[in-house]
Ligand code: TRP
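Numbering (this note's numbering), first residue to last: 4 to 531.
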């Protein structure tokens, strides 16, 4: 144990850490998903709701994960193992609730879910909070399996942009082409394989010369490409309509469902709820300022999401298209938009390269969680873990790749899911996406906040954060904001409002309650 601790690789610089973590956060979520959910939920008003979710849920949970990781110097499972007390009343309570719900489901003959819930309940009795870390590793692997499929499509589209196959005259033609492309198994699986291989090559190299090095190269490229596209978009005649749609709020479009989407997306886009930030935090050394890092990572992520909207909506409106095309917005509407402006192929190619770069730095963070677990806990070497789990993830992703529009290629799996759970909404791809985004991430985020707020305790957590960030815990918030922190009469160490005390209140009460509401709404126990 002590040996691995001494040897653990750390980021070589503060900037390297922030770029790697921002690279994890900035991904398909920012450039593919954020613009289309904004388009569907009324533009500017949704952006505001989303910003509020980032502030009250995203920032506090990110700081929980980073401090947990740096304190324990472990992967998520190891992190929970290291500080879980021998007996935790809260864990027993949650375990008991789950077992009761499982019995309830048995009575209603919902056997599939009953078994899942019962197993989870008993696991919590047996392993206490370590189960949260295990859920994270499992989520990392599930998310990467379908994430890689979408990232694969962007690889295919880069190739097709360069070879002039994306010259569509109508969105219908583009849609036909897209469906044709993603339902050709050889293409979809081939591209998925290429993406997984790229992630594996980077993660194989380790923290400094793999993840950090590539993040430092890729993130500036991403930023530049995005700038180029924004300048192109906003200088098109008629672009103002898009900017207006994007930035002027229409609150009549906001309802409970859009608030939920904003909340779920806040987790996904910041890579929270499954220990990715815990893992990255475990490579941070004590001199670095975790609070400033949290602000920088969330700030960069939000900036890039907002910029992606600016790159997309003005161009879409300028060419007279609708912003509410859903998931197809970037694969169908955008190529058609680009085709109508001079040098269209170039813009399309730039856009899909941008999407790939964003996906790559996120994909490596998902893979790294799984690798860190096998290296720390099972004593595997990094190369072995990378090859084995890269392959396993690839295989699972193949199921998503071939079932993205329907079940026709894997009917046995469909029957299995139907038989065990009684329902199967959408394709296997949707099942995976739904399972991780709507269940594992919010649950994981809730448990992480509860664990840090009530079990590990804000006192320990703040002691961890204080190293490298004295202002966080020891300066009155007002004095800090007013620039009076050097005046000793303004700095009482206790009984004053500090950033730390605010954070403690958030993670103990506000964040868990907000997530629980959203969660109950998602699973239908709460109707608004
Ligand atoms: N944040 C990434 C995006 O927006 C996706 C991602 C990477 C992620 N790592 C994660 C999501 C961990 C949840 C958990 O595309």
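For glycine and all other residues, C-beta sits at the position ideal for the given N, C-alpha and C.
All of these numbers come straight from a predicted model, not from anything done at the bench.
Any heavy atom of ligand 1 inside 6 Å of the beta-carbon of residue i?
{"i": "residue 403", "result": "no"}
{"i": "residue 349", "result": "no"}
{"i": "residue 222", "result": "no"}
{"i": "residue 201", "result": "no"}
{"i": "residue 28", "result": "yes"}
{"i": "residue 274", "result": "yes"}
{"i": "residue 277", "result": "yes"}
{"i": "residue 355", "result": "no"}
{"i": "residue 334", "result": "no"}
{"i": "residue 363", "result": "no"}
{"i": "residue 190", "result": "no"}
{"i": "residue 232", "result": "no"}
{"i": "residue 432", "result": "no"}
{"i": "residue 18", "result": "no"}
{"i": "residue 32", "result": "yes"}
{"i": "residue 37", "result": "no"}
{"i": "residue 271", "result": "yes"}
{"i": "residue 406", "result": "no"}
{"i": "residue 66", "result": "no"}
According to DSSP, what are the bridge partners of residue i?
{"i": "residue 30", "result": "DSSP, once it has assigned bridges, lists no residue as partnering residue 30."}
{"i": "residue 46", "result": "252"}
Check for me: the alpha helix (DSSP H) holding residue i runs from which residue to which?
{"i": "residue 188", "result": "188–207"}
{"i": "residue 381", "result": "347–381"}
{"i": "residue 167", "result": "It is not in any alpha helix (DSSP H) - residue 167 carries neither H nor E in the DSSP assignment."}
{"i": "residue 467", "result": "461–469"}
{"i": "residue 130", "result": "114–130"}
{"i": "residue 423", "result": "414–424"}
{"i": "residue 400", "result": "385–405"}
{"i": "residue 315", "result": "293–321"}
{"i": "residue 524", "result": "514–525"}
{"i": "residue 15", "result": "Counting along the chain, residue 15 falls outside any alpha helix (DSSP H), and DSSP gives it neither H nor E."}
{"i": "residue 63", "result": "62–75"}
{"i": "residue 506", "result": "502–508"}
{"i": "residue 452", "result": "444–453"}
{"i": "residue 79", "result": "79–86"}
{"i": "residue 432", "result": "431–437"}
{"i": "residue 277", "result": "Note, residue 277: premise wrong, no alpha helix (DSSP H); not H, not E."}
Can you tell me the Cα-Cα spacing of residue i and residue j, whole angstroms?
{"i": "residue 373", "j": "residue 140", "result": "6 Å"}
{"i": "residue 301", "j": "residue 415", "result": "42 Å"}
{"i": "residue 353", "j": "residue 519", "result": "40 Å"}
{"i": "residue 358", "j": "residue 333", "result": "10 Å"}
{"i": "residue 153", "j": "residue 272", "result": "15 Å"}
{"i": "residue 174", "j": "residue 315", "result": "15 Å"}
{"i": "residue 129", "j": "residue 191", "result": "41 Å"}
{"i": "residue 381", "j": "residue 131", "result": "20 Å"}
{"i": "residue 368", "j": "residue 396", "result": "14 Å"}
{"i": "residue 213", "j": "residue 229", "result": "24 Å"}
{"i": "residue 261", "j": "residue 85", "result": "38 Å"}
{"i": "residue 78", "j": "residue 238", "result": "47 Å"}
{"i": "residue 5", "j": "residue 12", "result": "Because the pLDDT at residue 5 is just 42, under 50, the model does not fix this residue reliably, and the value given afterwards should be weighed accordingly. Answer to the nearest angstrom: the Cα atoms are 14 Å apart."}
{"i": "residue 258", "j": "residue 266", "result": "13 Å"}
{"i": "residue 545", "j": "residue 431", "result": "Residue 545 cannot be examined here, being either before or after the span of the chain that is shown, 4 to 531."}
{"i": "residue 524", "j": "residue 530", "result": "6 Å"}
{"i": "residue 162", "j": "residue 17", "result": "36 Å"}
{"i": "residue 232", "j": "residue 482", "result": "42 Å"}
{"i": "residue 421", "j": "residue 118", "result": "15 Å"}
{"i": "residue 211", "j": "residue 75", "result": "19 Å"}
{"i": "residue 474", "j": "residue 461", "result": "16 Å"}
{"i": "residue 135", "j": "residue 295", "result": "26 Å"}
Taking 6 Å as the limit between beta carbons, can you name the residues of its chain near residue i, skipping five residues before and five after?
{"i": "residue 364", "result": "26, 218, 221"}
{"i": "residue 320", "result": "244, 245"}
{"i": "residue 453", "result": "515"}
{"i": "residue 7", "result": "A caution first: residue 7 carries a pLDDT of 46, below 50, which makes its placement in the model unreliable, though a value can still be read off. Correct list: empty, nothing qualifies."}
{"i": "residue 66", "result": "297"}
{"i": "residue 299", "result": "21"}
{"i": "residue 116", "result": "108"}
{"i": "residue 379", "result": "77, 78, 81"}
Note down, in chain order, each residue of its chain lying with its Cβ closer than 7 Å to the Cβ of residue i, except the 5 sequence neighbours on either side.
{"i": "residue 360", "result": "221, 224, 225"}
{"i": "residue 61", "result": "269, 273, 275, 301"}
{"i": "residue 338", "result": "169, 171, 177, 351"}
{"i": "residue 104", "result": "120"}
{"i": "residue 137", "result": "80"}
{"i": "residue 329", "result": "39, 43"}
{"i": "residue 235", "result": "350"}
{"i": "residue 164", "result": "348, 351, 352, 355"}
Below 8 Å CB to CB, which residues in the same chain sit around residue i once its five sequence neighbours on both sides are set aside?
{"i": "residue 70", "result": "284, 293, 455, 464, 467, 468"}
{"i": "residue 341", "result": "169, 318, 347, 348, 350, 351, 354"}
{"i": "residue 253", "result": "45, 46, 47, 48"}
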